[in-house]
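Below is one structure; the comments refer to it alone.
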Amino acid sequence: MRCLTCQSISFLIICKSCQEKFLTPKIKKRFLAKDFFVYSFYAFSEIESLLNSKYQKYGDEVYKILAKNSFKPFSQTYLETYKNEKYFTALGIDDYPMHGFSQSAILAKSLQNKYFKAKYGLLRAKTRVKYAGKSLEFRKANPRNFICKVNNIKNKSNIVLVDDIVTSGTTLLEAKQSLEKNSCKISFALSLADVRR
Ligand SMILES: [Zn+2]
């Protein structure tokens, strides 16, 4: 196959040298509320064309490579970097497989190690209107109405929310509130890309 980015012949859908060149993440923290923040790995504009692959058949391969370069090393170095010895439950935001796969499930899965346990299908949206390009008013007028099936989660006190893109943060905040109503505590959120950085 050919590398999506440089078009050279490659075993991977994004070749090794393009991964090194374009997918070395820079972690940034943005507060969405006083007690709630999201870490992102890339600016949306840096990887926009790769994120659009979620509408393509090969989208899962692209997302797995993105996750391998960002979420995975984050979970591996989390202990040393943040001096934190907590155990986390990672929940993908609305991880329903819309295009044959779920991008938030792929991201949550890549966190898996001794400290991060991914759970699937527990945070699904009842309303799936497209937010892309819509105003904050529109987003607020059309909430996701999350269904939380978290009764059987053992570790409810250190939840990490996982999504691919953060814009206004409305979705993450709504997910957080819905989970809190179900006696969960949210530690922070992780997003591949932030539109505002
Ligand atoms: Zn390449």
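For the sequence shown, the working numbering begins at 109 and goes up steadily by one. Beta carbons are placed, not taken as given, at the ideal position from N, Cα and C, and that holds for glycine.
- Query: Mind checking A141: buried by the 16 CB within 10 Å criterion, or exposed?
  - Reply: That one is exposed.
- Of the residues L174, L244, R110, K134, which one's Cα is nearest the Cα of D271? L174
- Message: Tell me whether the segment 161 to 177 and the segment 120 to 130 touch, counting them as touching only if at least three CB pairs, one residue from each stretch, are closer than 8 Å.
- Response: yes
- Query: In three-state DSSP terms, what is A175?
  - Reply: Reduced to three states, the DSSP call for A175 is helix.
- Message: Quick check on V270: does DSSP put it in helix, strand or coil?
- Response: strand
- Message: DSSP has L199 in a bridge; who is on the other side?
- Response: DSSP output for L199 lists K227, L269 as bridge partner(s).
- Meets three-Cβ-pair contact criterion under 8 Å: the segment 128 to 147 and the segment 251 to 266: no
- Message: Restricting to Cα atoms, I'd like to know which of I255, K289, L298, P205 is closest to F182.
- Response: L298
- Check whether the Cβ atoms of I273 and F152 lie closer than 8 Å to each other. yes
- Message: Given this structure, state the Cα-to-Cα distance separating S210 from L159, to the nearest angstrom.
- Response: Each residue's alpha carbon lies about 12 Å from the other.
- Query: How about R304 and R138: are their beta carbons less than 8 Å apart?
  - Reply: yes
- Item | Bridge partners - A141, DSSP secondary structure assignment | Beta bridge pairing from DSSP links A141 with F144.
- Message: Taking only three categories from DSSP, how would you classify I306?
- Response: The structure shown does not extend to residue 306, since the chain is modelled only from 109 through 305, so no value can be given for it.
- Item | Top-ranked residue by Cα proximity to G208, from K289, C114, Y228, Q164 | Answer by Cα proximity: Q164.
- Query: From K162 to E128, what distance separates their C-alpha atoms?
  - Reply: K162 and E128 have their C-alpha atoms spaced approximately 21 Å apart.
- Item | heavy atom of ligand 1 below 7 Å from T113 C-beta | yes
- Round the Cβ separation of F254 and L231 to the nearest angstrom and send it over; I've been treating them as touching at under 8 Å. Right, the Cβ-Cβ distance comes to about 6 Å (below 8 Å), so this counts as a contact.
- Query: Is it buried or exposed for S125, if we count other Cβ within 10 angstroms and need 16 for buried?
  - Reply: exposed
- Chain-order list of residues whose beta-carbon lies under 6 Å from that of E156 (same chain, five-residue window excluded): none
- Item | Alpha-carbon to alpha-carbon, T113 and E288 | 41 Å
- Query: Secondary structure at K136, three-state DSSP: helix, strand or coil?
  - Reply: strand
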